[in-house]
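Using our numbering, the first residue of the sequence shown is number -15, and each one after it goes up by one. To start, the structure itself, in C-alpha cells.
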Amino acid sequence: MASCQSHQQTTSVESDDGMTCGVDLSAAAVEGEEQLTLLRDLLRRNADVFSKHSMDYGHTTTVQHEIPLVDSKPFRLPYRKIPPSQYQEVRKAISQMEEAGVIRPSKSPYASPIVVVSKKDGTLRICVDYRKLNSCSTRDAFPLPRIEDALEALGQARFFSTLDLTSGYWQVEVAEHDKHKTAFSTPMGLFEANRMPFGLQNAPSTFQRLMTCCFGDLNFESLLIYLDDIIVFSRTFEEHLERLDVVFSRLRKHGLKLKPQKCSLLREEVQYLGHVVSVKGIHTDPEKISRVRDWKRPSNVKEVLGFVGFAGYYRRFIKGYATLVAPLYRLTSGDPKKKKRGVKGTSGPAKPFEWSDDCEKAFDALKDRLTTTPVLGYPNYSLPFVLQTDASGEGLGAVLAQVQDGVEKVIAYASRGLRPPETRYPAHKLEFLALKWAVTEKFYDHLYGHRFSVLTDNNPLKYVMSTAKLDATGHRWASQLAMFDFDIEYRQGKSNSNADALSRMSRQEVTEALQSCPQRVPSTRLVQSCGDVAGGQKDNVSEPVKKNVLCQGGEFLDSVEKPVDPFDGAGTDALCCGKISFVDLDFQQDFMQIRAEILRVQWSRSCAS
-15 MASCQSHQQT TSVESDDGMT CGVDLSAAAV EGEEQLTLLR DLLRRNADVF SKHSMDYGHT
45 TTVQHEIPLV DSKPFRLPYR KIPPSQYQEV RKAISQMEEA GVIRPSKSPY ASPIVVVSKK
105 DGTLRICVDY RKLNSCSTRD AFPLPRIEDA LEALGQARFF STLDLTSGYW QVEVAEHDKH
165 KTAFSTPMGL FEANRMPFGL QNAPSTFQRL MTCCFGDLNF ESLLIYLDDI IVFSRTFEEH
225 LERLDVVFSR LRKHGLKLKP QKCSLLREEV QYLGHVVSVK GIHTDPEKIS RVRDWKRPSN
285 VKEVLGFVGF AGYYRRFIKG YATLVAPLYR LTSGDPKKKK RGVKGTSGPA KPFEWSDDCE
345 KAFDALKDRL TTTPVLGYPN YSLPFVLQTD ASGEGLGAVL AQVQDGVEKV IAYASRGLRP
405 PETRYPAHKL EFLALKWAVT EKFYDHLYGH RFSVLTDNNP LKYVMSTAKL DATGHRWASQ
465 LAMFDFDIEY RQGKSNSNAD ALSRMSRQEV TEALQSCPQR VPSTRLVQSC GDVAGGQKDN
525 VSEPVKKNVL CQGGEFLDSV EKPVDPFDGA GTDALCCGKI SFVDLDFQQD FMQIRAEILR
585 VQWSRSCAS
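Printed below as a string of C-alpha cells:
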C-alpha cells in the first residue's frame, strides 16, 4: 500500500456564482496531486450543497414535522428571567433566527419558556423548554439505528468521510397547522417555529425518517446515517469519490446543506458517534475518555448514575463490565427489605449513601478499563465466530471473537448482572444461562445463520447440551439454541484442580461416606448438579442443592438399596477420574449409577462440613 501524503492546507471551493465555502482537506488520505485534484474537482461541482455562512440553512420539503396531541387544551407558561448581561445577546439571537426564517412572531394560545445555554465558545444558545408540550404529544415510534450495528458495518473499509448538516433540524419545515403549538415566550414577545426546533420529543424520529427517505437504499451499503451524522465508507479511492458524488446529489435533490467546517473527507481514521473508526477497528474516542481520568469520586446517587451511564456507553469494550459495576449498581438501589408490596416498581426509603471499599475498587477499575480500552475488530461474516461464555455469582459474561489473518480479534465484550431468581441457580445452570443469553439474545444478529464455536472451561456444559436430563426451563433454552449451528469445545482451566482433589479421596473416606448416606434417592435438582461435581465444580454447587436430598424414588432406587463398592473396577484414588471416563464415552447406563455415587460422596462431605 502506498504511503498517503498529508496536505496541510484549507481548500477554497469555488462555485459557478463565485461564492466559496471552506472544506478542510488537511488530513485527506490522498496519494499525490492527481488524487487531490480529483477531490477538489468533486467539491467544486457540488459547492452548492455546502453552507456559505452560519445562517445558510437548507430547506427540505421531503418531510414535515407534525405534532399530534393527546390533550389539545392550550397552555401558557411565563418566560424565565434573563440576566441583564445576556439580554442584548438574546435579542440578537432571536433577531437572527427571525431573519433566517427559523421563527416568526406568533399569536398562539400556547407558550413554552426559553432556556439560555452557554456554548463552549462562550456564545449563547436559545433553547425552548418543551416538556409540557411533550407530555401532551403522541410519541412517534420511528426507530433510530442501533449504534453497534452501524459501527460494525464499517468493516473492511479503508476510506471514511463524515458529513454533518448545518443545523439539521432547522432544515425541516414544521407543518403549518402545528406551528402555533411550538410558540415560546420571551421578553421580546411571543414567537413560533417555522423550522423544527430542538427539544421536541418526536424531532429525532422525524429527522431519521427524512434521512431514510434520502439515503435508505444506500444505508449500510455505502454509508451510514444516524440523525444528522453521515459517514461514507469505501475500500478504494475511486469508489469513495463515486459514493460522495451520489451523496451530494441526494442532498441537493432534497434541499439539504452541509456545514463544511464539520466535514472530514477521505480519512483513514475518523470520529463517529463517540468512537474512533479506522481500517484497524473500533476504539473509544480519546477526547471523550480523557475526562474519565479526572472524574471525581461520586458523593451521591445522582453522581454515581452519571458515571455509570457514561461507562455503560462503552461497555462493549470492557470485559466483565457487569461484574465490575455491580457494587455501584447496588449503591443506587433502594433498600430491598423496605420495598412496598403490591405496587410494581416502587421501593421504600433509599439506603444511606455509603461509599464502601468495593465501590472504590469498582470506580477505579472502571476508570482504568475505560482509559485503556482495546481496539475491537469488525465482524467478517465469511469467517466462523468464536464465542466464550462465563458465569459467576455476580453476573454473566461473553466475548465474541474471530480469527482474522491468523490473529484472534475481539469483536465485542458483553455482560449483564443476575436477576434475583438466577442467583439461586446451581453453577452448571448459570453456565447454561450464560450460553443461552449470549447466543440467543446478545449476539443473535452475529451468530444466527453462521457457524461458530463455543469455548468453555466448564466441562459439564457439554454434558448439559448433550445427554443431561433437563427441567422445563432447560428444555426451553435448548430449543432456542437448536436453531444455531455451533459446537462446544472444552478448554481446560483451573477448575480441574477441584476434580483432582476429589479424585484423591482415600478408599476408606469414600466407602464410609457412601455407607453413611441414607437409603434414599437424591432429588432431581441434586442429580442435575452432578455435572458440576463430576466436572470438578463441587465447590460451586449451592448449599441448598447440597442439602436437598429428599426421597424422590425412581431410577436410582436399585443402586442404593444395597451397599456398593465404589472402587469396583477402578484403582485407588481414581474414583472421580475413573468414573468420568464413562461420561466422555457416553456409557449412559453405567453413568446413571456412577453419578449417583459421586453425588452421595459430595452430599456426605457437605453434611460433614
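Beta carbons: idealized from backbone N, C-alpha and C, even for Gly. The structure presented is a predicted model; accordingly, all values stated were derived computationally and were not measured.
Residue range of the unbroken alpha helix (DSSP H) whose run includes residue i
i, result
"His267", "It is not in any alpha helix (DSSP H) - His267 instead sits in the beta strand (DSSP E) that spans Gly265 to Thr268."
"Leu350", "Asp341 to Thr355"
"Pro68", "Pro68 to Glu83"
"Val288", "Val285 to Tyr297"
"Lys393", "Not the alpha helix (DSSP H): Lys393 falls in the beta strand (DSSP E), residues Val391 to Gly401."
"Asp429", "Tyr428 to Leu431"
"Pro311", "Tyr305 to Thr316"
"Ile51", "Counting along the chain, Ile51 falls outside any alpha helix (DSSP H), and DSSP gives it neither H nor E."
"Gln386", "That residue, Gln386, is in no alpha helix (DSSP H); its beta strand (DSSP E) goes Gly379 to Gln388."
"Ala375", "No alpha helix (DSSP H) contains Ala375, which is instead part of the beta strand (DSSP E) from Phe369 to Ala375."
"Asp133", "Ile131 to Glu136"
Residue i vs residue j beta-carbon contact at 7 angstroms
i, j, result
"Pro244", "Gly6", "yes"
"Leu402", "Thr373", "no"
"Val74", "Arg193", "no"
"Val370", "Ala385", "yes"
"Ala125", "Tyr153", "no"
"Tyr94", "Ala167", "yes"
"Cys198", "His224", "no"
"Gly42", "Leu228", "no"
"Asp148", "Lys272", "no"
"Leu380", "Trp421", "yes"
"Ala375", "Leu439", "no"
"Cys120", "Val54", "yes"
"Val216", "Ser145", "yes"
"Ile51", "Lys165", "yes"
"Met172", "Ile78", "yes"
"Glu45", "Gln155", "Looking at the sequence shown, residue 45 is not Glu but Thr. Contact: no."
"Thr170", "Ser35", "no"
"Asp471", "Ser437", "yes"
"His49", "Thr196", "no"
"Arg219", "Ala11", "no"
"Ala346", "Leu315", "no"
"Tyr432", "Glu136", "no"
"Pro89", "Phe175", "yes"
"Arg400", "Ala306", "yes"
Endpoints, the beta strand (DSSP E) within which residue i is located
i, result
"Gln155", "Premise fails: Gln155 is in no beta strand (DSSP E) and is neither H nor E."
"Lys420", "Here Lys420 belongs to no beta strand (DSSP E); instead the alpha helix (DSSP H) covers Ala411 to Trp421."
"Asp213", "Asp213 to Ser218"
"Leu108", "Leu108 to Val112"
"Ile209", "Leu207 to Tyr210"
"Arg123", "Segment: none, Arg123 is in no beta strand (DSSP E) and carries neither H nor E."
"Ile87", "Ile87 to Pro89"
Per DSSP, the bridge partner or partners of residue i
i, result
"Glu253", "Ser262"
"Phe470", "Phe436"
"Phe144", "Phe217 and Arg251"
"Phe337", "Per DSSP, none; premise fails for Phe337."
"Thr170", "Gly173"
"Leu454", "Partner(s): none; Leu454 has no beta bridge."
"Ala95", "Arg60"
"Ser102", "Leu108"
"Gly183", "DSSP output for Gly183 lists no bridge partner at all."
"Leu242", "Phe34 and Leu149"
"Asn203", "Leu207"
"Leu360", "Ile266"
"Thr44", "Val156"
Closer than 6 angstroms: residue i CB and nearest the ligand GDP heavy atom
i, result
"Val216", "The model on display carries no ligand, and the ligand GDP is accordingly not part of it."
Residue-level contact to chain D via CB, residue i, 7 angstroms cutoff
i, result
"Asp229", "The structure shown contains no chain D, having only a single protein chain."
* Would the segment 114 to 132 and the segment 204 to 212 be scored as touching if the rule is three or more Cβ pairs under 8 angstroms? -> Result yes; three or more Cβ-Cβ pairs closer than 8 angstroms.
* Asked: Counting Cβ pairs, one atom from each stretch, are 3 or more of them under 8 angstroms apart for the segment 171 to 190 and the segment 89 to 99?
  -> Taking a cut-off of 8 angstroms on C-beta distances, the segment 171 to 190 touches the segment 89 to 99, as three or more cross pairs fall below it.
* Asked: Are the segment 255 to 270 and the segment 292 to 303 in contact at 8 angstroms, needing three or more beta carbon pairs?
  -> They touch, by the three-pair rule.
* Asked: Any chance the segment 26 to 34 sits against the segment 156 to 164, with 3 or more Cβ pairs inside 8 angstroms?
  -> These segments do not touch.
* Asked: Can you find at least 3 beta carbon pairs, one from the segment 388 to 395 and one from the segment 341 to 356, that sit closer than 8 angstroms?
  -> Between the segment 388 to 395 and the segment 341 to 356 there are fewer than three C-beta pairs closer than 8 angstroms, too few to call the two in contact.
* **Complete runs of the beta strand (DSSP E) confined to the segment 3 to 32 [at least 3 residues]** => Here the runs fully enclosed are 4 to 8.
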